[in-house]
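For reference, the structure discussed in these notes is given below.
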Amino acid sequence: MAVSANRLELLQIADAVAREKVIDRGIVLAAMEDAIAKAARSRYGAETDIHAEINPRTGELRLARHLLVVDDVENSSTQIGLVQARRHNPAAQIGDVISDTLPPFDFGRIAAQSAKQVIVQKVREAERDRQYEEFKDRIGQIVNGVVKRAEYGNVIVDLGRGEAIVRRDELIPRETFRPGDRIRAYVYDVRRETRGPQIFLSRTHPQFMAKLFAQEVPEIYDGIVEIKAVARDPGSRAKIAVISRDSSIDPVGACVGMRGSRVQAVVGELQGEKIDIIPWSVDNATFIVNALQPAEVVKVVLDEDSERIEVVVPDEQLSLAIGRRGQNVRLASQLTGWDIDILTEAEESERRQKEFIERTNIFMEQLDVDEVVGQLLASEGFRSVEEIAFVEPSELATIEGFDDDTAAEIQARAQDYLARVEAELDARRQELGVADELREIDGVTTAMLVAFGENDIKTIEDLAGCATDELAGWTERKGQETTKHKGILDDLEVSKAEAEGMIMLARVRMGWIDASELEQAAEEAEDGEETEATEADAADADEQTQAEGSTAPAADR
């Protein structure tokens, strides 16, 4: 059967495929042209440069062989001499391309099969491109689909205009889907893949729950109530932190709904996952205490540099604060972004007693005083000999049992001790070969110089080439585990900001950066801190107004 005899049929096939696959008709016609050209090459020779062209209105097919005009013909399949070319086109020049029309031909079985494969491949690629372009901007949205099939625990979902996959680890534990079931899921990634699904869905992603609340709670959808953080243990328990931009609206009550109707709708979609709705606070301590609900907290101690907090709870509340298999404290840590250490009142009292004894012994040893004096100093809150050496003498004299002479003697002993330590450290610094010029960097102490020398940092250039994490250490989070990597100055309690300041000053000294750039960066940092402080004050005011204006009982929330 000649190809030219099927002009209308070609157009009808192209229209049908374009409608079915929801792709442009021109793409289908281009795929047919490539397929016919490939089939023609099997007849006229694989090296022949053959092009097929289908008229999109009439369906007429034109086959042509393209030949390059050259002086000396080396390959007659792709080249033509100038004299012969001018028989086709008198104006032909070297480098031109001559199009030689070929007659229609009948497809053989093999050629037809090959052409079919080309068309199928081209159409599939076009369909995948269309699917990618359509869904790439829908990342972060919830989509509805119908389960098509299940493969090795993964669920393939028909979205109508595309096919997506919910991997086994993105399904809520113990939930099963059968072909034909309706499913709602969160689009967390869309990738351009050559094979297999390229739309990836999740039912365990924290934002899936946030988007479900946005669908159920009009205040969230309208932006009056904002979801600040979400932490999930899929299928078991979750915590969500919310804040209201309107002091007259209780964010927790808005999410719970009348008699729990709104939150129950979300719980039903998440297979009974228990949800704790927590008021967000700009104050980290308050937020963390809220996040540990329903456990009661007696005391918190924050370490802002390492984003770590110690929480003291009553002895009988320990298991409640930790939760089953550590679930409550783990979710609270994920929600707040802080590492949380939980202690009972008894454990905290024991630790404080141990620290008191340790400080007493340090004062007895370093100041050469008896146990009573050491205990008095420790009980007054002094934590180190440095604090005693540089405190106002009058403050020492106010300690019960001390007079001015005793205070002066103790302070003199503290200063003598520090002088001896400084001399020993300086001798060690010289032994390590650390340059004197490093002393000129603001914030650098002799103890730091020794630490630098032990880590082969001996000049200003060495310090300028360091990274902040090298000096202050860094924290690495992998899933539920947090690993603290020590820095060179970690034992000297140097913050990241202080470490960065030393490095930047060293770079200024080396001429790597300009001092004006450093001053500008410092001013921007101060402006940022002022802005954060202003926002924090505004948030505190909103919370206070909300607390005063809200009259709903806690039980109703």
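Quick note: to get the numbering used here, add 978 to the position in the sequence shown (first position is 1). For each residue, glycine too, the CB sits at the ideal point set by N, CA and C.
Same chain, Cβ closer than 7 Å to residue i, five either side skipped, listed in chain order
i, result
"Gly-1213", "Ile-1150, Pro-1151, Arg-1152, Gln-1249 and Glu-1251"
"Gly-1315", "Glu-1285"
"Gly-1431", "Arg-1407, Leu-1410, Gly-1411 and Val-1412"
"Asp-1381", "Ala-1375"
"Thr-1540", "The chain is shown only over 979 to 1535; residue 1540 falls outside these bounds and no answer can be derived."
"Arg-1535", "The predicted model places Arg-1535 with a pLDDT of 32, which falls under 50 and marks its position as unreliable; any figure quoted below should be read in that light. Excluding positions up to five away in sequence, the list reads Asp-1228, Val-1230, Gly-1231 and Val-1234."
"Asp-993", "Arg-1003"
Proximity below 8 Å, CB of residue i to CB of residue j
i, j, result
"Val-1536", "Ile-1255", "Outside the displayed span of the chain (979 to 1535) sits residue 1536, for which this structure offers no information."
"Arg-1040", "Thr-1079", "yes"
"Leu-1345", "Ala-1392", "yes"
"Tyr-1166", "His-1183", "yes"
"Ala-1209", "Leu-1354", "no"
"Ala-1441", "Ile-1481", "In the sequence as presented, Ala is not what sits at residue 1441; that position holds Leu. In this structure, Ile-1481 lies closer than 8 Å to Leu-1441 by Cβ."
"Lys-1474", "Ala-1450", "yes"
"Phe-1113", "Gly-1138", "no"
"Val-1047", "Ala-1063", "yes"
"Gln-1389", "Ile-1366", "yes"
"Leu-1416", "Ile-1438", "yes"
"Arg-1108", "Gln-1176", "no"
"Lys-1217", "Ala-1310", "yes"
"Cys-1233", "Phe-1191", "yes"
Cut-off 8 Å between Cβ atoms - residues of its own chain near residue i, not counting five sequence neighbours on either side
i, result
"Val-1278", "Ala-1263, Ile-1266, Val-1267, Ile-1287, Glu-1288, Val-1289 and Val-1290"
"Tyr-1022", "Ile-1028, Arg-1043 and Leu-1080"
"Glu-1510", "Residue confidence is low: Glu-1510 scores 49 on pLDDT, short of 50, so the model does not pin down where it sits. Its coordinate-derived value is still stated next. Nothing meets the Cβ criterion."
"Val-1075", "His-1044, Leu-1045, Leu-1046 and Val-1047"
"Glu-1247", "Arg-1162 and Leu-1190"
"Ser-1357", "Phe-1334"
"Ile-958", "This structure cannot speak to residue 958, because the chain is shown only from 979 to 1535."
Best match in the options for proximity to residue i [C-alpha to C-alpha]
i, options, result
"Lys-1462", "Asp-1469, Leu-1470, Val-1307 and Thr-1453", "Thr-1453"
"Arg-1156", "Val-1133, Glu-1141 and Ala-1142", "Val-1133"
"Gly-1131", "Asp-1147, Val-1124, Val-1121 and Ile-1117", "Asp-1147"
"Ile-1028", "Arg-1064, Pro-1081 and Ala-1063", "Pro-1081"
"Glu-1294", "Glu-1274, Glu-1111 and Ser-1180", "Glu-1274"
"Ala-1385", "Phe-1368, Ala-1397 and Glu-1282", "Phe-1368"
"Glu-1204", "Ala-1216, Glu-1365 and Ser-1222", "Ser-1222"
"Phe-1334", "Ser-1180, Asp-1348, Glu-1378 and Arg-1361", "Arg-1361"
"Val-1307", "Ser-1327, Asp-1211 and Ser-1259", "Asp-1211"
"Ala-1207", "Gln-1193, Met-1187, Ser-1226 and Tyr-1110", "Met-1187"
"Ile-1202", "Gly-1231, Arg-1181 and Ser-1180", "Gly-1231"
"Lys-1436", "Arg-1108, Glu-1409, Asp-1447 and Asp-1420", "Glu-1409"
"Val-1124", "Asp-1136, Glu-1402, Cys-1444 and Leu-1483", "Asp-1136"
"Pro-1034", "His-1044, Gly-1004 and Asn-1122", "Gly-1004"
"Val-1098", "Cys-1444, Glu-1476, Leu-1007 and Ala-1356", "Leu-1007"
"Glu-1323", "Ser-1357, Ala-1009, Pro-1292 and Gln-1057", "Pro-1292"
"Ala-1397", "Arg-1108, Thr-1424, Glu-1418 and Ile-1419", "Thr-1424"
"Ile-1320", "Leu-1270, Gly-1352, Val-1347 and Ile-1340", "Leu-1270"
"Glu-1111", "Ile-1318, Asn-1053, Pro-1068 and Val-1168", "Val-1168"
"Asp-1162", "Arg-1170, Gln-1176 and Gln-1193", "Contrary to the premise, residue 1162 reads as Arg rather than Asp in this sequence. Of the candidates Arg-1170, Gln-1176 and Gln-1193, the one whose C-alpha sits nearest the C-alpha of Arg-1162 is Gln-1193."
"Asp-1159", "Gln-1185, Glu-1171, Arg-1170 and Asn-1122", "Asn-1122"
"Ile-1419", "Ala-1484, Glu-1103, Val-1220 and Gln-1242", "Ala-1484"
"Val-1101", "Glu-1011, Arg-1337, Asn-1053 and Gly-1118", "Glu-1011"
"Asp-1281", "Ala-1219, Glu-1336 and Ile-1318", "Ile-1318"
"Gly-1489", "Asn-1433, Gly-1443 and Thr-1036", "Gly-1443"
"Met-1342", "Glu-1373, Val-1363, Glu-1326 and Glu-1325", "Val-1363"
"Glu-1387", "Ser-1372, Arg-1337, Glu-1103 and Ala-1401", "Ser-1372"
"Val-1472", "Gly-1421, Glu-1336 and Asp-1261", "Gly-1421"
Beta bridge counterpart(s) of residue i as assigned by DSSP
i, result
"Val-1048", "Gly-1059"
"Pro-1257", "Val-1220"
"Trp-1452", "His-1463"
"Asp-1167", "Phe-1178"
"Val-944", "Absent from the structure is residue 944, since the part of the chain shown begins at 979 and ends at 1535."
"His-1029", "Ala-1042"
"Asp-1319", "Glu-1288"
"Val-1144", "Val-1133 and Leu-1179"
"Gly-1489", "BP columns for Gly-1489 are empty, so no partner."
"Arg-1127", "Ile-1134"
"Gln-1357", "First, the amino acid is wrong: residue 1357 is Ser here, not Gln. Answer by DSSP bridge pairing: none, since Ser-1357 is not bridged."
Beta-carbon separation (whole angstroms), residue i vs residue j, contact threshold 8 Å
i, j, result
"Pro-1229", "Pro-1257", "6 Å"
"Val-1144", "Arg-1116", "No, Val-1144 and Arg-1116 are not in contact; Cβ-Cβ is about 15 Å, not under 8 Å."
"Thr-1056", "Glu-1103", "Thr-1056 to Glu-1103, Cβ: 27 Å. No contact."
8 Å Cβ cutoff, residue i in contact with chain B
i, result
"Ala-1401", "Note that chain B does not occur in the displayed structure, where there is just one protein chain."
Same chain, Cβ closer than 6 Å to residue i, neighbours up to 5 away in sequence not counted
i, result
"Val-1428", "Leu-1403, Arg-1406 and Arg-1407"
"Asn-1339", "none"
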